[in-house]
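Undergrad: Residue numbers (numbering that gives the first Met the number 0): 0 to 1080. I am attaching a structure below and will ask some questions about it afterwards.
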Amino acid sequence: MPFPLPKLELVGIPGFAGGGMENWGLITFDPSKLYVKPGSSDQKNRRFVGNPSGKPVRHVMSSWTKQAGFPLIFATLKNQMLELKQAKFISPNSNGNGYWTVPITPCCDSYETCHSFLFSKKSASFDLNQFVGCSCTPNSLQSGNQVANEGVLDDINALTFTHQLPFTNLLTFVDAFSEDTNYREIASLLEITKKAVTIAADATPKLFICIKKIFIRLFENIFLELGWNTKPNEAKWHGILRSIVLTMLAVLGPEATIKEATGRALPSCPDARIILEALNLLVADGVATGDVNYGISNLSWEGHETAWTWLKDNWDTLSETIDSIDNVISKIVSPFTTVEKAAEVKAFFASQTRASITEAVDSAVQQVIRANAAAINLEATLNTTLQLASQALHRVSVKMGFGRRQSICWAVLLVFSCFELTLGNPVPEDYGTGAENFTGQLQLPKFAVPSRYELRLKPDLVDFTFSGSVNIELDIVSETKFLVYNAVELTILLGDISFNSSKSDKVFKPLRSWQFGEEDQIMVLEFDENLPIGSGVLSISNFQGILNDELRGFYRSYYFVNGEKRYMAVTQFEPLDARRCFPCWDEPALKAKFQITLDVPSDLMALSNMPILDEKIDGNLKTVSYQESPVMSTYLVAVVVGLFDYVENHTSNGAKVRVYCPVGKSDTGTFALDVAVKSLEIYKQFFGFPYALPKLDLIGIPQFAAGAMENWGLVTFRPELLYTKPEFRNLQAAGVIAHELGHQWTGDLVTMEWWTHLWLNEGFATWLSSYALSRMFPDSKTWFLFTKSTAGILRVDALPTSHPIEIPIHNTSEIEGIFDGITYDKGAAVLRMLQTYLGPRVFQRSLAAYVKRYSWSNANTEDLWTVLAKVSGKPVRQVMSPWTKQAGFPLIFAKVHNQKLELKQTQFLSTGSHGNGLWTVPITLCCGSYRTCHSFLLNKKSENVLAGSLPSCPDAQIVLEALNFLISPEVSGKNAFVQVYNLRPQGRETAWLWLQDNWDTILNIFDVGVGPVIKNIVSAFASVEKASEVRAFFASRTLPSFADMLEQSIQQILKNSRWVHNIQKEKNLAEVVQQLSHGNC
């Protein structure tokens, strides 16, 4: 059948997140996956898709989908007969019982000359003349497809190091590539070389030098072919190959090569001629566009002017061929720091930028140049401009539906083109007596404090309005005839307002009221006399508002049920938008209980923070009342009204968990439900008490400004971050779910005192989500991804315009701007650092104590430090305050000199200058593992500590002396530490004897971290006898804390032993080594 639509369009999108997206009729791509130069190699490497052919697909494929594992195919070529055997591959050196129907495709010289047949027995023979029609020889390996060669190398690597192939085979295959210059194949050879040279030292010490020379010759031959300098019409990848091959030669150690390489690297080269030559290579024919970024990384300071001239001279070529041209521009021009240079850059792009270069790229260039100029006080007005950009960012992203990266580009563009941007409405001139005192204030006056809201809302999903009423229980704590609360975009009539005091039967009616718009967002009531001190109730019997489409406050969202467009009513109150739904004291510290009632169409479902208490239906309308909530902040109140399906489960303590899904798609919520329940159990164990509410609902909102929102008991999400196909494991969604559920403890139960301390919510939840994911999905590399995220935010934090984690708020308009990577990712990173400093167990106990201490209340950063210091006994405030109260981070210089570790710190700035910041840095020296660490504090600009160096010492006496020094009283008193990993063969036996002789002392010092010490000393042994010796010594000394690691170490010794044994049995090894080393041994 033909393509069913009348048209199909393909388009490349700069900055596209994936490789491509199969939108029906309009497919979007990363430009590098779609556009190629005519005649380039990319265009020739097409993929071929066969037509349906009536083949026995079920018979072939069932064996692959219905059993675990995969086959190892043994192939032998004899007189054009291909003899095949298969066995299930199980590492190391054993076979399973499965067998597969394997499509075998012999190819002669290229993938375009191939025929296929099925291999469905344990063994069989095939005549290649019948299939391929050409002679297949060992030389075909060299002339074949580069992908095939790379695959062969990877297979040989895996098979050799699991003892399936002899070591001589590995050496022979490696030698076959001695004149190869293919990038991917050389990359595979690098991995093989590292392993082979290491194991050869133990397996055959006599031939080790010769085997090392084989690999040196391999890479020297490749490098001789490449040469030091570029050549006319040089092949693709050759420039990158030089760097890779030089790296390996540096490891292997031929002095002539290393000497010649000195000074030739582009990043550190001050010679403009060499820089220009290298840059010209990047625009030569055949060089991949992605290599340009690689080539200009780490330009020397002197090289930037040369590179800037080169960029201008080659602009037409670069702008047409490089999709990530914004990165190239940034790397070249960002170090410039003068107004003249900024003007030059702007002038060039004003006249040269073409339509293919996006407006976002141009904005980024302006931002980089302006930011650097401002850093040295060359543009006095820039700071004000950047503040306006921060204020505009959220509005742009919300109103235009952009993500963070896009909204930054548009916000900067908006602000730089409109320096007189103003926000909010003008304040009326006639305030009335005293009312003017409440405008322009950061927070509400505290002469009245709320304790309970009785709130009723009635959304109209036809006219898109809502009405409501509220009774607010207040404590009047000082004399006042004013009440001041938050309300914006609400219609409230003076006659609908009254106050009743518990100390008086009089009903107090306000004389007049003022509503101040977007700038202050308050309503001021003035009474004719002071209100009685004590409890009372402020009643507002009617207020009205718009069910807006701005994705904030009380708003409308649309969805589809059986193809019919429907509307739902949704709330999104963080940070300052509860006031757009009902009159309230809209600050996080002003917690109160909430009794909520909703009047909604009877055919719809109505959700709120708490379980339903009562439901009454009256014709087309139903009234739903909810249980009273515990005390919580106004920004956590939530309401959702619409039509949904759901899936349900319960936690171990009986809390009901539901994921509400689109109608007819409840299966898309099963993964989220599983993650939610598991997250709650993990956090219950971490904090020592369960989730605090009787129910938890999760729901996706089709039009939603944020990624998710942690409303207590009713968490809202973007649909793509909640719903997923049942068979898929969506780790991004799992991370967001775990983040929001972490907030149920840190954010909802314990809430930051004011927005300055937002990181106590978001930094904690970010760290907790990684913790939960690492427990739920141990194979997900969660902490590796966490580190990558930290590295990304450090690039932002290195800018002079960065801000502290605790950022002072001077105006409520600044609050939305602090929901950024510094608050989330850097906040989480300093917690991760603190975890390492205190130790995981103490850190966990300390956080649990903090959450218990401030449950149902608010806390600030100082409160956290106080609790952690009390539990841990360490100076947490002195260590951590510099990390949260100042922007940036330190660059640590470390040098070992005369057994002393010399440390210096200075603030790192991307401008190349150094800041004045000073941090207290927990320095952790680790021995082979993060579980074996000693820590000390660097709280000065420079400091010296004792250190030791074992790994590189071949003298057994020196090794023993250093090991004894490690456990001496002198060292323990001076925070010294000595590494015991990477021991040379001469030192292993010494270290093993030392470990046995000093076991009780070592166990006392390292305690639960002794496992890695054992592993680092014994796992490199390579004999059955040594494995037995290790097992015998620990037979009566094994503790649970290191039992698993001990057994892994013994198994590694046995594995090494088998490998050494296999190598030693290879009768022709000496002959092959002599041959491959060309008689040099």
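All C-beta atoms, glycine included, are put in the ideal place defined by N, C-alpha and C.
Please determine if the region 866-885 and the region 833-853 are in contact, where contact requires at least 3 C-beta pairs separated by less than 8 Å.
TA: Enough Cβ pairs lie closer than 8 Å, so yes.
Undergrad: Could you check where the alpha helix (DSSP H) with GLY911 kicks off and where it finishes?
TA: Counting along the chain, GLY911 falls outside any alpha helix (DSSP H), and DSSP gives it neither H nor E.
Undergrad: Are the CB atoms of PHE437 and ILE521 nearer to each other than 9 Å?
TA: It is a contact, given that the beta carbons lie within the stated cut-off.
Undergrad: I need the DSSP call for ASP747, collapsed to helix, strand or coil.
TA: Looking at ASP747 - three-state DSSP - the assignment turns out to be coil, as it is neither helix nor strand.
Undergrad: Going by the DSSP bridge assignment, what does ASP1114 pair with across the sheet?
TA: Residue coverage of the chain in this structure runs from 0 to 1080, which leaves residue 1114 outside it and unanswerable.
Undergrad: Pick helix, strand or coil for THR570, following the three-state DSSP scheme.
TA: Looking at THR570 - three-state DSSP - the assignment turns out to be strand.
Undergrad: Within 10 angstroms of its Cβ, does ARG794 collect 16 or more other Cβ (buried), or is it exposed?
TA: Label assigned to ARG794: exposed.
Undergrad: Which term fits LEU510, buried or exposed, when burial requires 16 or more other beta carbons within 10 angstroms of its beta carbon?
TA: The residue is exposed, with fewer than 16 neighbouring Cβ atoms inside 10 Å.
Undergrad: Give the secondary structure of MET60 by DSSP, where H, G and I count as helix, E and B as strand, and everything else as coil.
TA: Helix at MET60.
Undergrad: Take ILE700 and list the residues in its own chain whose beta-carbon comes closer than 6 Å to its own, dropping the five residues that flank it on each side.
TA: Contacts found: SER556, VAL569 and THR715.
Undergrad: For my contact list, SER632 and LYS590 are in at a C-beta cut-off of 8 Å; report their separation, rounded to the angstrom.
TA: SER632 to LYS590, Cβ: 6 Å. Contact.
Undergrad: Smallest Cα separation from GLY911: which of VAL895, LYS894 and ALA797?
TA: Minimum Cα distance to GLY911 is reached at ALA797.
Undergrad: Taking 8 Å as the limit between beta carbons, can you name the residues of its chain near VAL1072, skipping five residues before and five after?
TA: So the qualifying residues of the chain are LEU170, LEU206, CYS209, ILE210, ILE213 and CYS1080.
Undergrad: Our contact map puts LEU697 next to ALA675 with C-beta atoms below 8 Å; I'd like the distance itself, whole angstroms only.
TA: 6 Å between Cβ atoms; contact.
Undergrad: Would you say VAL639 and GLY668 are within 9 Å of each other, going by their C-beta atoms?
TA: No, they are not a contact pair.
Undergrad: So PHE785 packs on ASN729, CB below 8 Å; how close in whole Å?
TA: About 18 Å separates the two Cβ atoms, so there is no contact after all.
Undergrad: Does DSSP classify CYS660 as helix, strand or coil?
TA: Correct three-state label for CYS660: strand.
Undergrad: Are the CB atoms of GLY741 and TYR682 nearer to each other than 9 Å?
TA: Taking 9 Å as the Cβ cut-off, GLY741 and TYR682 qualify as a contacting pair.
Undergrad: Going by the CB atoms, is the gap between LEU443 and GLU586 shorter than 9 Å?
TA: Result yes, Cβ atoms of GLU586 and LEU443 sit closer than 9 Å.
Undergrad: From TRP307 to GLU319, what does the alpha carbon distance come to, in whole angstroms?
TA: About 18 Å.
Undergrad: Roughly how many angstroms lie between the CA atoms of TYR836 and GLY872, to the nearest whole one?
TA: Their Cα atoms are separated by approximately 12 Å.
Undergrad: Does the beta-carbon of PRO3, which I'm using as the reference point, lie nearer than 8 Å to any heavy atom of the ligand MN?
TA: Among the components modelled here there is no ligand, and therefore nothing to report on the ligand MN.
Undergrad: Taking buried to mean at least 16 other C-beta atoms within 10 Å of its own C-beta, is PRO889 buried or exposed?
TA: The residue in question, PRO889, is buried, as its Cβ has 16 or more Cβ neighbours within 10 Å.
Undergrad: Pull up the DSSP beta-bridge partners for LYS513, would you.
TA: A small fix is needed here, since residue 513 is Trp in this sequence, not Lys. Answer is VAL523, bridged to TRP513.
Undergrad: Would you grab the beta carbon distance between TRP998 and ARG1036 for me? Rounded to a whole angstrom, and I think it's under 8 Å.
TA: Going by Cβ atoms, the distance from TRP998 to ARG1036 rounds to 7 Å, so yes, they are a contact pair.
Undergrad: Quick check on this structure: which residue in LYS77, THR75, MET80 and TRP99 has the alpha carbon closest to the alpha carbon of ALA86?
TA: Measuring from the Cα of ALA86, the nearest candidate turns out to be TRP99.
Undergrad: Given a threshold of 16 other Cβ atoms within 10 Å of its Cβ, counted over all protein chains shown, does PHE703 qualify as buried or as exposed?
TA: By the neighbour-count rule (16 or more Cβ atoms within 10 Å), PHE703 is buried.
Undergrad: DSSP three-state label for ARG551, please.
TA: Note: ARG551 maps to coil in three-state DSSP.
Undergrad: Which partner residues of GLN906 appear in the DSSP bridge assignment?
TA: Paired residues: PRO889 and GLY914.
Undergrad: Does DSSP put PHE935 in a helix, in a strand, or in coil?
TA: Residue state, collapsed to three classes: strand.
Undergrad: Quick one: what does DSSP say ARG728 is sitting in, helix, strand or coil?
TA: Reduced to three states, the DSSP call for ARG728 is coil.
Undergrad: Spatial neighbours of ALA1069 within its chain, please: CB distance less than 7 Å, with the 5 preceding and 5 following residues excluded, ordered by chain position.
TA: Taken in chain order, the residues that qualify are LEU206.
Undergrad: Which complete alpha helix (DSSP H) runs does the region 668-739 hold, if anything under 4 residues is left out?
TA: Listed in chain order, they are 669-686.
Undergrad: Mind checking who LYS480 pairs with in its DSSP beta bridge?
TA: DSSP lists no partner for LYS480.
Undergrad: Does the distance from the C-beta atom of SER124 to that of MET80 stay below 9 Å?
TA: Yes, these two residues count as a Cβ contact at 9 Å.
Undergrad: So what's GLU518 in DSSP terms, helix, strand or just coil?
TA: Reduced to three states, the DSSP call for GLU518 is coil.
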